[in-house]
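Below is one structure, written out as structure tokens; comments come after it.
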Amino acid sequence: MNPRAAALRTGLRRGLIEFRHQWTNRDDLVGQLFWTVTTLGALLFMRGDTLPGTSFSLGASNVPGVLGAGIVLNGLSGMAGFLTVDREDGTLLRAKATPNGMLGYLVGKMTSVSLMQVAGMAVTLIPGLFLFSGLATGGAWSWLTLLWVLVLGLAATLPLGAALGSLTTSSRSMAFIMLPVFGLGAISGIFYPVTALPVWVQDIAQVFPMYWLGLGMRSALLPDSAVVVEIGQSWRPWATLGVLAAWAVIGLVLAPILLRRMARRESGSSVAARRERALQRA
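The opening residue of the sequence shown carries number 1 in full-length UniProt numbering; numbering runs sequentially from there.
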């Protein structure tokens, strides 16, 4: 078998194993359940309010935005976090020492994170369909739109997460990734219409994928009447496709370059030094 094909196959198998461990581990399940219950509880408090100019529930309108934000959070911070932890404990060094090991490692991580994201979305969306009326009224078209937005969203965020993870030096530096992501969440129309913000803030939000993922999810799950609170009163599917595809290309170009640079700097002494610093902090 071709070495690269073998690495891809090994990576896929590794990703499936990691995903199975994630969803059979009690602590991980409790964390996922806590996040889901907290999110749905917050949305239920908004159920009595309506979108400006419509009779549609504000809580229901925020379900798609939460799903879009989850893709960004898992794709960027989740992927970067895995790389940072595996770099500190020597996993990346072992992958580097194996023929095509980095390729297999990255395929495995992208597979596991993608599956975790799909499962996490299902855990939030399925109860949401019962708790909030008016979601996914477009039938098969709603689910097809949801699918392409999800696939393109993962393609736009996972490589970027890998690139950001290659730049971090320790788990403590993850704050430099998390804080900007949360900041984008505050201006991307996740919990209120982005048109309520100043125009210059709207312009900034539209540069990054979180806004477009939220918009794509809203176009898939919300009725047409909810479009009145969007920019230009349009779902802008082609713009959503174009921006997410552009970010996917940027990530796929940057990630290999930065990961090769990171791999070249990995050595037994660097791993030992990081472990020593971690022990001193503990």
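C-beta: ideal position from N, C-alpha, C; glycine also.
*Near A162, what residues of its chain come up, given a Cβ to Cβ distance below 7 Å and the 5 sequence neighbours on each side ignored?*
As a working note, residue 162 is residue 162 in the sequence shown. Counting only Cβ-Cβ distances below 7 Å, and skipping sequence neighbours, we find M79, L83, L106, A255 and L259.
*Of all the alpha helix (DSSP H) runs that stay within the bounds of the segment 129-190, which reach a length of 4 or more residues?*
140-167 and 175-187
*Relative to the alpha-carbon of T38, which residue among N25, V63, W23 and R20 has its alpha-carbon at the smallest distance?*
By one-based count along the sequence shown, residue 38 stands at place 38. Checking every option, the nearest Cα to that of T38 belongs to V63.
*Mind checking whether T10 and G108 have CB atoms under 9 Å apart?*
On the sequence shown, residue 10 is found 10 positions in, with the first residue counted as 1. On the sequence shown, residue 108 is found 108 positions in, with the first residue counted as 1. Going by C-beta atoms, T10 is nearer than 9 Å to G108.
*Determine, using beta-carbon pairs with one atom in the segment 209-218 and one in the segment 54-69, whether at least three such pairs fall under 8 Å.*
yes
*Measure how close the beta-carbons of A136 and L221 come, nearest whole angstrom, since I'm counting them as under 8 Å.*
If you number the sequence shown from 1, residue 136 lands on position 136. If you number the sequence shown from 1, residue 221 lands on position 221. Indeed they touch by this definition, with Cβ atoms about 5 Å apart.
*asked:* Which residue wins for smallest C-alpha separation from R261, given the options G53, P99 and T168?
replied: For this step, residue 261 is matched to residue 261 along the sequence shown. It is T168 whose Cα lies nearest to the Cα of R261.
*asked:* Using the three-state DSSP reduction, which class does T98 fall into: helix, strand or coil?
replied: Translated into positions along the sequence shown, residue 98 becomes position 98. Here T98 sits in coil by DSSP.
*Where do the N-terminal and C-terminal ends of the alpha helix (DSSP H) with P3 fall, by residue?*
Counting from 1 along the sequence shown, the entry for residue 3 is found at position 3. First-last of the alpha helix (DSSP H) with P3: P3 to Q22.
*CB L244 to CB G153, shorter than 9 Å?*
Your numbering for residue 244 matches position 244 in the sequence shown. Your numbering for residue 153 matches position 153 in the sequence shown. Closer than 9 Å, so yes.
*By how many angstroms is the C-alpha of R14 removed from the C-alpha of P198?*
The residue given as residue 198 occupies position 198 in the sequence shown. The residue given as residue 14 occupies position 14 in the sequence shown. In a straight line, the C-alpha of P198 is about 46 Å away from that of R14.
*What are the boundary residues of the alpha helix (DSSP H) that includes Q32?*
Locating residue 32 in the sequence shown gives position 32, where the first residue counts as 1. Taken as a continuous stretch (DSSP letters only), the alpha helix (DSSP H) holding Q32 covers R26 to F45.
*Which partner residues of T195 appear in the DSSP bridge assignment?*
As a working note, residue 195 is residue 195 in the sequence shown. Beta-bridge pairing links T195 to no other residue.
_Suppose contacts are defined by Cβ-Cβ distances below 9 Å. Is N100 in contact with P159 by that definition?_
If you number the sequence shown from 1, residue 100 lands on position 100. If you number the sequence shown from 1, residue 159 lands on position 159. Taking 9 Å as the Cβ cut-off, N100 and P159 do not qualify as a contacting pair.
*Measure the Cβ-Cβ separation of T124 and L16 and say whether it is below 9 Å.*
Within the sequence shown, numbered from 1, the residue matching residue 124 stands at position 124. Within the sequence shown, numbered from 1, the residue matching residue 16 stands at position 16. No, the pair does not count as a contact, with Cβ atoms beyond the cut-off.
*Would a C-beta distance cut-off of 9 Å place T54 and A226 closer than the cut-off?*
Locating residue 54 in the sequence shown gives position 54, counting from the first residue. Locating residue 226 in the sequence shown gives position 226, counting from the first residue. Yes. Within cutoff.
*asked:* At the level of alpha carbons, what is the spacing between T111 and L12?
replied: As a working mapping, residue 111 is identified with position 111 in the sequence shown. As a working mapping, residue 12 is identified with position 12 in the sequence shown. If I take the Cα positions, the gap works out to 6 Å.
*Going by DSSP, which residues form a beta bridge with T50?*
As a first step, residue 50 is located in the sequence shown; it is residue number 50 there, counting from the start. Checking the DSSP bridge columns, you'll see T50 partnered with S57.
*If you count every other CB in all the chains shown that lies within 10 Å of the CB of T25, and 16 or more means buried, which is it?*
By one-based count along the sequence shown, residue 25 stands at place 25. The question names Thr, but residue 25 is Asn in the sequence shown. The C-beta of N25 has fewer than 16 other C-beta atoms within 10 Å across all chains shown, which makes the residue exposed.
*Give the straight-line distance between the Cα atoms of V118 and R264, rounded to the nearest whole angstrom.*
Within the sequence shown, residue 118 is the residue found at index 118, counting from 1. Within the sequence shown, residue 264 is the residue found at index 264, counting from 1. Each residue's alpha carbon lies about 33 Å from the other.
_For F82, report the span of its alpha helix (DSSP H) as first-last._
Sequence index remark: in the sequence shown, residue 82 carries index 82 (1-based). M79 to E88 is the extent of the alpha helix (DSSP H) around F82.
*Does DSSP put P237 in a helix, in a strand, or in coil?*
For this step, residue 237 is matched to residue 237 along the sequence shown. Correct three-state label for P237: helix.
*How big is the Cα-Cα spacing for A42 and K96?*
Indexing the sequence shown from 1 puts residue 42 at position 42. Indexing the sequence shown from 1 puts residue 96 at position 96. So the alpha carbons of these two residues sit roughly 44 Å apart.
_Does V151 pass the burial test, meaning 16 or more other C-beta atoms within 10 Å, or should it be called exposed?_
The residue labelled residue 151 in the question sits at position 151 within the sequence shown. Exposed.
*With a cut-off of 8 Å on the beta carbons, I'd call A205 and I187 a contact; round off their distance for me.*
Within the sequence shown, numbered from 1, the residue matching residue 205 stands at position 205. Within the sequence shown, numbered from 1, the residue matching residue 187 stands at position 187. Confirmed, Cβ separation roughly 5 Å.
*Three-way DSSP call (helix, strand, coil) for Q202 in this model*: Position 202 of the sequence shown, counting from 1, holds the residue named residue 202. Of the three classes helix, strand and coil, the one that applies to Q202 here is helix, per DSSP.
*asked:* Out of A156, V229 and V228, which one is the CA nearest neighbour of L241?
replied: Start at 1 with the first residue of the sequence shown, and residue 241 comes out as number 241. When each option's Cα is compared against that of L241, the closest is A156.
*Indicate whether S61 and L73 have their beta-carbon atoms separated by less than 9 Å.*
By one-based count along the sequence shown, residue 61 stands at place 61. By one-based count along the sequence shown, residue 73 stands at place 73. It is not a contact, given that the beta carbons lie outside the stated cut-off.
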